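Trainee:
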Amino acid sequence: MGDAKHWRKCLEVATKIHNERAVGNDERVTLPDVPADQSGWWVKKKNSVAKAGEIWSEYCSQRPWLAPTPGGEVSLFMIRNREMIVDAAVAAASLGDCFDNENTADEALREVIQVLLEWDVYFDQSSEEETAQPLSESGLRMALFAAEEMIQVPRDLGMIPVGVLWEVIRSCE
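All residue numbers for the sequence shown refer to my numbering, where the first residue is 52 and numbers rise by one.
Here it is in structure tokens:
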């Protein structure tokens, strides 16, 4: 399993390797210009975050090495890979991102982790109250950077935990 965006990346790498080995132009292949869908099957099926929590609870009940919530699982990945994510975010600053040093990137990453650990508070559908935007501008940039550049489904994380990260991002729009 996996999402279309990350399988597209795999296909792009395979196409590049194939084209480098191609003898002539008639052996080269091109990919259609189709944008990767970030929402994946979970959103298309209109499943709720509460349902994701139920499925995750059942899934991790026999897997004690997993976090008890999908947001917790993404948080664990980010904590385990903190240095790599922070360094990559600072390196991407030359491309126009807002992380000019490790401290600002680390602070934004910690903010994302905090929100992910409390994901059920922000997305409790039984509550009728509006919740505050869970991320600052730099936190949102870090969440987007992590989701788009640092996390691969299914290599790094499953679709339900990454779906929670995308829910956090969508809640800020």
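Backbone N, C-alpha and C fix where the C-beta goes; we use that ideal spot for every residue, glycine too.
As the structure is a computational prediction, the values presented were derived from the model and not from experiment.
Less than 6 Å between C-beta atoms, sequence neighbours within five positions excluded: which residues of the same chain meet that for V94?
Mentor: Taking the sequence shown and counting its residues from 1, one reaches residue 94 at position 43. Note on V94: pLDDT 49, under 50, position unreliable in the model; no value is reported.
Trainee: Helix or strand or just coil, what does DSSP make of V80?
Mentor: Reading the sequence shown from its first residue, position 29 is the one you call residue 80. Reduced to three states, the DSSP call for V80 is coil.
Trainee: Write down the C-beta distance between V219 and M210 rounded to the nearest angstrom, noting that I regard them as a contact closer than 8 Å.
Mentor: In the sequence shown, residue 219 corresponds to position 168, counting from 1. In the sequence shown, residue 210 corresponds to position 159, counting from 1. Actually they do not touch by this definition, with Cβ atoms about 15 Å apart.
Trainee: By Cβ distance below 6 Å, which residues in the same chain neighbour P212 in space, the five residues on each side in sequence not counted?
Mentor: Within the sequence shown, residue 212 is the residue found at index 161, counting from 1. P121, E124, V125.
Trainee: Go through its chain and collect everything with a Cβ distance to R192's Cβ below 8 Å, but skip five positions before and after it.
Mentor: Taking the first residue of the sequence shown as position 1, residue 192 is located at position 141. Here the set comprises D148, C149, F150, A159.
Trainee: Can you tell me whether W116 is buried or exposed? The criterion is at least 16 other CB atoms within 10 Å of its CB, across all chains shown.
Mentor: Numbered from 1 along the sequence shown, position 65 holds the residue referred to as residue 116. Per the 10 Å Cβ criterion, exposed.
Trainee: When every heavy atom of the ligand SAM is checked, does at least one fall within less than 7 Å of the C-beta of S187?
Mentor: The model depicted lacks the ligand SAM and carries no ligand whatsoever.
Trainee: Name the two residues that bound the continuous alpha helix (DSSP H) containing A194.
Mentor: As a first step, residue 194 must be located in the sequence shown, where it is residue number 143. Segment 188-196, the alpha helix (DSSP H) holding A194.
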